[in-house]
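Some notes on the structure that comes next.
There are 2 protein chains.
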Amino acid sequence: MRATGSNREDLRQHNLSLVLRLVHRAGSISRSELTRLTGLNRSTISDLVADLVTLGLTIEREPESSTRVGRPSLNVSVVAEVACFVISPGYHSTTVAVVGLGGRVIAKRRKSTRINPNPDEVVETAIELIAQMSRDLPTKTRIAGVGVPVPGQVNILQKSVRFAPHLNWVDVPLGQMLEDALGLPVRLDNDGSLSSSAERDFGAGKGFDDIIYLFGGDGGIGGGIIMGGNVIRGSTGYAGELGHVRISDSRTEDSAGLPGTLEALVRREDLIEALRLDDADDDELHSALQGKLPPKVSRLVERQIDYLALAIANLVNIFNPQVVLLAGFLSALYDIDDYRLVNQVRLSSLNGARERVQIRTAALGSNLLLVGAAELAFAALLNDPAETKLFRIRDVKKPKP
Amino acid sequence: MRATGSNREDLRQHNLSLVLRLVHRAGSISRSELTRLTGLNRSTISDLVADLVTLGLTIEREPESSTRVGRPSLNVSVVAEVACFVISPGYHSTTVAVVGLGGRVIAKRRKSTRINPNPDEVVETAIELIAQMSRDLPTKTRIAGVGVPVPGQVNILQKSVRFAPHLNWVDVPLGQMLEDALGLPVRLDNDGSLSSSAERDFGAGKGFDDIIYLFGGDGGIGGGIIMGGNVIRGSTGYAGELGHVRISDSRTEDSAGLPGTLEALVRREDLIEALRLDDADDDELHSALQGKLPPKVSRLVERQIDYLALAIANLVNIFNPQVVLLAGFLSALYDIDDYRLVNQVRLSSLNGARERVQIRTAALGSNLLLVGAAELAFAALLNDPAETKLFRIRDVKKPKP
DNA sequence: GCATTATGTTGCCCTAGCCAACAAATAGAT
DNA sequence: ATCTATTTGTTGGCTAGGGCAACATAATGC
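These protein sequences, in sequence, are chains A and B.
Residue numbering for the first sequence follows the working numbering, starting at 1 and increasing by one per position.
Residue numbering for the second sequence follows the working numbering, starting at 1001 and increasing by one per position.
Shown next, in the form of structure tokens:
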């Protein structure tokens, strides 16, 4: 049994963590709301917030205007000087972002790389971008760490990339490489898992505890699972490979060589090709699918919707989620014929489980993944505000010329 | 956000709950081990255990014999007088058990009913058996409540059975019916979920946090999911219907009318029929499958193993579990040709996820489900030992003549 | 019998959250 | 303007639960 006893310090840590989380999530929140949400005493909240202010994590301000009776409650908000870096390796470019506590994207910079860049190249690009961006940050900025969304399987404990078909990486100790290069704590996670938790916190999944997230991109279909409010990671962090759910006897293989899976049968490329588009982004694809379609394309779309429905139904039976979120080009499929999709899901799912499930398109937004990955970097700080060390911006290692 | 602040009382409750859980799980444990496991101070453990003794939940004893140096540590064990009832409705009989704190099955009685008994019949049978068994219990026995394992979909919050194909029940408010009849708090859960958590606590899943449990019975295939140590229930408690995972385009339907699912393609009845057995239990089926089989049966077995492997691979890709437990006749399939099964799983699962996954047969034991269901009844007590009310045996309502 | 070791017991300390009383700042009524 | 009602901030003291240290106790092993 893992559970351990709690003492006074744990209690304080828990409450401090809770308050900081609430402030972080809301960006700015009144002390009275904190008392309401936590159920703690006014004076306790006062004390906790004072601690957070001493730690340099939050500030208190007089509220701008009041609309209610009674003494106006002080406003607690996150300081601007605490931030983290997000390094997002992509197919042919790497993006680095500075994200502040509170989830604000302070800066974002992207640099092209070769297609299928090797890990060293990504690390080099990342530290270069970080060095550039660091110059623009106030010197008093303190960095909590680095979060890395990986388009592939991630071993969270080892901080390594197990397999990323998109990047053509196998067993890359990316976390260690970045920590050595930057001198900052680095945490990796699968992009689907990060997106799903970002959708829950800030996007279309707000307020839900049981979420299935499906993302359709260029390189395949990824996913994320949130159950009971927690991201499901499995034993080594590979859980949530929802693109590889088998739904048919078809021999068509997906990027991992598995036949008859969702990813093998519902392919963005097939749509692009059928529509004779060259290189469309999701918006272009979406609008191209809106008009009257040639019968051949129409049949393809219907087939893809049906397969998608089958996969969703399968997941609904397994997970009994409150909501299924569709992102990337999967949301386009939903928009084209949501009736067909929903109906097909109904037909293939169990009575009880399908009753209340909603199918929605994700809020998306390209910043969402960055914000999700920032949560990774902030996790330690949010979990133990008093003891987690922050790094000064000038202590971040520079690239060697 | 659900999380709330904690105060000193919560702290005490947490620690008290933790200690009681440890004693409950071990049945009997020394105070020194409690200090080690909880990380709390000797004196604190002393105080907590004293509280539990005052509450009449545990007793302290001098240890029998010592083998180590140093003053022998006092032994803390669960009292015999705290128990719960488990009511297990079956296809043509209902079983009632008295299970003590610590997971000991004190008494067990079974009564035949009609096939597909209606809910009233089950309730009547249950209160009759409980009344009989209560006479044999010491008068000072205190009852924590009633746990009910249901072979079907359960809405945990409403304490109702959504759909139980085996019993032919649809939307039965079984929890309410039993509470009215007995005057005791009743909790329901799906039998697969209960079995899986029982396997984790006491059976083949001991020490694992991420478990997929598959049970093959007469009426179909049920399942249970444990991730990160928690049972996955989904939004309304219907999660874990792993028998209805789709694995093929076959039109053969399962008990819920879904085609091509695990339950539709891997059927106990088919084996029984092929072997020309009449009505065999799992042991008989197991031994019947051991010898040299006619080619036709052999092919059937292989087909079933392959389908089972496909389903397991699917689940491994989705969940990345540490262990897959096979119970019921599925464990027979494993025993016949585990090499084939494991190999087929490898072929259809993703690299990372399959690396460390173990496939095992469950510990089973007919009492395991009862012990699992008892956990349900004890849950409130274990969660808040100081405040949870226990019921005297003579306050349990008697059946009306 | 003595040293060593581990645990139980006791009294005291410390701190985190609660509480009550009071102060302060607003809206709305007069 | 003034007064009331309402809400929140502030302060000092209280309380209880966990830690700690010192001592007592009971085992092993020489």
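Quick reminder that beta carbons are idealized off the backbone N, C-alpha and C, glycines included.
- Note: Asp1283 of chain B is not bridge-paired with any residue in the DSSP secondary-structure output.
- Scanning B:Leu1040, B:Leu1265, B:Val1301 for the CA closest to the CA of His1286 of chain B turns up B:Val1301.
- The beta carbons of Ala1374 of chain B and Val1099 of chain B sit closer together than 8 angstroms.
- In summary, the residues of the segment 204-228 of chain A whose CB is separated from some CB of chain B by less than 9 angstroms are Phe208, Asp209, Asp210, Gly223, Ile225, Met227, Gly228, in the order they occur in the chain.
- Counted as a single uninterrupted DSSP element, the stretch harbouring Asp395 of chain A is not any beta strand (DSSP E), since DSSP gives it neither H nor E.
- For a Cβ distance threshold of 7 angstroms, residue set Ser235 of chain A lies close to Gln1322 of chain B, ordered along the chain.
- Sequence-ordered contacts of the segment 284-318 of chain A with chain B read Leu310, Asn314, Asn317, Ile318 [C-beta pairs closer than 7 angstroms].
- Nearest CB-CB separation between Ile59 of chain A and chain B: not below the 8 angstroms threshold.
- In this structure, A:Leu11 is the residue among A:Leu11, A:Thr4, A:Ser6 with its C-alpha nearest to the C-alpha of Asn1007 of chain B.
- Taking 3 residues as the shortest admissible run, the segment 289-339 of chain A contains the following complete beta strand (DSSP E) segments, listed from N- to C-terminal end: 323-328.
- Taking 8 angstroms as the threshold, the shortest C-beta distance from Gly1183 of chain B to chain A does not fall below it.
- Between Asp210 of chain A and Ser1134 of chain B, the C-beta gap is not smaller than 8 angstroms, which leaves the two residues out of contact.
- The beta carbon of Gly1039 of chain B sits closer than 8 angstroms to some beta carbon of chain A.
- From the beta-carbon of Thr1252 of chain B, no residue of chain A is found nearer than 9 angstroms; the closest lies around 13 angstroms away.
- Within chain B, Ser1235, Thr1236 have C-beta atoms less than 9 angstroms from the C-beta of Arg356 of chain A, given in sequence order.
- For Thr1095 of chain B, the pairing in a beta bridge is given by DSSP as B:Ser1088, B:Arg1110.
- Along the segment 245-276 of chain A, going in chain order, the ones with a CB nearer than 7 angstroms to a CB of chain B are Val245, Arg246, Ile247, Ser248, Asp249, Ala256, Leu258.
- By DSSP's assignment, Asp189 of chain A forms a beta bridge with A:Pro149.
- For Cys1084 of chain B, same chain residues with a beta-carbon under 7 angstroms away, outside a window of 5 residues either side, are Val1099, Ile1143, Ala1144, Gly1145, Val1146, Gly1147, Ala1374, Ala1377, Phe1378 in chain order.
- Of all C-beta pairs linking the segment 1114-1122 of chain B to the segment 1163-1173 of chain B, three or more are shorter than 8 angstroms, placing the two stretches in contact.
- Contact check for Phe319 of chain A against Ala1239 of chain B passes: the beta carbons are separated by less than 8 angstroms.
- In the three-state reduction of the DSSP assignment, Ser1197 of chain B falls in the helix class.
- Listed along chain B is no residue with a C-beta nearer than 9 angstroms to that of Asn383 of chain A; the closest approach is about 12 angstroms.
- Listed along chain A, no residue sits closer than 9 angstroms to Phe1202 of chain B by beta-carbon distance, the nearest being about 13 angstroms off.
- Sequence-distant partners of Pro173 of chain A (beyond 5 residues in either direction) whose C-beta falls short of 6 angstroms from its own C-beta, in its chain, are Ser160.
- The beta carbon of Val1186 of chain B sits closer than 7 angstroms to those of Gly1145, Val1146, Val1148, Lys1159, Gly1175, Leu1178, Glu1179, all from its chain and outside the five residues before and after it, given in chain order.
- Shown here, Leu1074 of chain B sits in coil according to DSSP, grouped into three states, outside any helix or strand.
- Per DSSP, reduced to three states, the secondary structure at Arg142 of chain A is strand.
- Among the CB atoms of chain B, none fall inside 8 angstroms of the CB of Ile156 of chain A.
- In this structure Val316 of chain A is buried. Its beta-carbon is surrounded by 16 or more other beta-carbon atoms within 10 angstroms.
- For the pair Ile156 of chain A and Glu64 of chain A, the Cα-to-Cα distance works out to about 43 angstroms.
- With fewer than 16 other Cβ atoms inside 10 Å of its own Cβ, Leu277 of chain A counts as exposed.
- Membership of Glu1060 of chain B in any alpha helix (DSSP H) is not indicated; the residue belongs instead to the beta strand (DSSP E) covering 1058-1061.
- Within 10 angstroms of the beta-carbon of His92 of chain A lie fewer than 16 other beta-carbons, which makes it exposed.
- Under DSSP, Glu1387 of chain B forms no beta bridge with any residue.
- Straight across, the Cα-Cα distance linking Leu182 of chain A with Thr252 of chain A is about 43 angstroms.
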